[in-house]
Each structure stands twice: as structure tokens, then as C-alpha cells.
Amino acid sequence: MSLSIDEKRELLRKVPLFEGADDECLTVLSQEIREVTFDTREYIAREGEMGTGFYLIASGSATVQRHGKEIVHFGPGDYFGELSVLNHKPRVASVIATEPTCCLALASWELDEVLKANPRIAVMMLKEAGRRLHALEYDSSASSIAG
Numbered sequence: 005m006s007l008s009i010d011e012k013r014e015l016l017r018k019v020p021l022f023e024g025a026d027d028e029c030l031t032v033l034s035q036e037i038r039e040v041t042f043d044t045r046e047y048i049a050r051e052g053e054m055g056t057g058f059y060l061i062a063s064g065s066a067t068v069q070r071h072g073k074e075i076v077h078f079g080p081g082d083y084f085g086e087l088s089v090l091n092h093k094p095r096v097a098s099v100i101a102t103e104p105t106c107c108l109a110l111a112s113w114e115l116d117e118v119l120k121a122n123p124r125i126a127v128m129m130l131k132e133a134g135r136r137l138h139a140l141e142y143d144s145s146a147s148s149i150a151g
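Residues in the sequence shown are numbered from 5 upward in steps of one, following the numbering used here.
This is the structure we're talking about:
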């Protein structure tokens, strides 16, 4: 799977984390984000490890496990890793590909640079991260569980 900048921008546009982002912001993100593929049963993120990236599933699927127990299933359009990238803390769950999976990934240091240059993106991300954290208090299957 090789996505153009326009295709990446359209995938990002559908992510609640970037709700309200204009084309300029989405284009900046689209230029930085890269495609990463994972085989079936390959770890995308590991519980307890430092989070070094934000991931958006472009195709395929993954399961989220916490303490070895499956808690939610992710598919195209689902994303994770924003909390660990924002707070530089270890991941609170593992994410494992359940079939060949392609993610759009943005390393924490790349995201930091994008946020410094585009504070509007930072504000949008903080609002959505806050909403997801709030939902997590009331619903243990909230998708931000993967951190």
C-alpha cells in the first residue's frame, strides 16, 4: 500500500483527533506521516514500553490487550498512541496486528516538531485526548486505552 499525500490527508481528516483541522494543517501532517506495515501477530505497540509514535490504521486490523486480556479490536480509521506521544509515558496496553496491517505512523519527535510549528493541531489533539480520557473513566473499552 503506497498512499499519496492527498490520500493520507483524507484519512487524517476522518480522525476525531484532528477534527476542525484545515487543509494546511492536514497537509503538514500528511507530509510527515509514513506508512508502516505489520504482519499477523506482530506487535505494533507493547504495554509498558515508552510510546514513540502515533498510529492510524489504514488497512487491516489489530487487537488491544491489557495485562494479556483482549479489551478492544481496531480496524481501519482507528488510532492509538496519542497519549504516550503527548505525555511521554509508557504505553498502557499492547496492540497486535490480527492480519497484515498498514498503519500511518508519526514518531513522537516528528509530531513534536509539527505541533511546535502548528499550535492549532496541538489544541485539537489536546481536546480530543481529554475527551477520550474522560470516556475512559466511564468505559473501559475506550479506544484511547492503548495510549
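Quick reminder that beta carbons are idealized off the backbone N, C-alpha and C, glycines included.
Contained beta strand (DSSP E) runs [length at least 3] in the segment 38–108, N- to C-terminal order:
With a minimum length of 3 residues, the continuous beta strand (DSSP E) runs that stay inside the segment 38–108 are 38–42, 47–49, 57–63, 66–70, 73–78 and 98–101.
Closest to MET54 by CA distance: which of LEU90, CYS106 and PRO20 is it?
For this step, residue 54 is matched to residue 50 along the sequence shown. Residue LEU90 is the option with its Cα nearest to MET54.
Among the residues of its own chain, which have a CB less than 8 Å from the CB of ARG95, if the five just before and after it don't count?
Within the sequence shown, the letter at position 91 stands for residue 95. Result list for ARG95: ALA49, ARG50, GLU51, GLY52, GLU53, MET54, GLY55, GLY85, SER88, ALA150 and GLY151, in chain order.
Could you pull the start and end residues of the alpha helix (DSSP H) that GLU28 belongs to?
Looking up residue 28 in the sequence shown gives position 24. If you look at GLU28, you'll find it in the alpha helix (DSSP H) that goes 27–36.
Need the endpoints of the alpha helix (DSSP H) that GLU11 sits in, please.
Locating residue 11 in the sequence shown gives position 7, counting from the first residue. 9–17 is the extent of the alpha helix (DSSP H) around GLU11.
Stretch pair the segment 63–74 + the segment 22–29: three plus CB contacts closer than 8 Å
Not touching, per the Cβ criterion.
Could you spell out the range, first to last residue, of the alpha helix (DSSP H) harbouring LEU21?
Stepping through the sequence shown from its first residue, residue 21 is reached at position 17. Premise fails: LEU21 is in no alpha helix (DSSP H) and is neither H nor E.
Closest to VAL127 by CA distance: which of LEU16, LEU21 and SER6 is it?
Translated into positions along the sequence shown, residue 127 becomes position 123. That would be LEU21, whose Cα lies nearest to the Cα of VAL127.
Rounded to whole angstroms, what is the Cα-Cα separation between PRO104 and VAL40?
Numbered from its first residue, the sequence shown carries residue 104 at position 100. Numbered from its first residue, the sequence shown carries residue 40 at position 36. Taking the CA atoms as reference points, PRO104 sits about 11 Å from VAL40.
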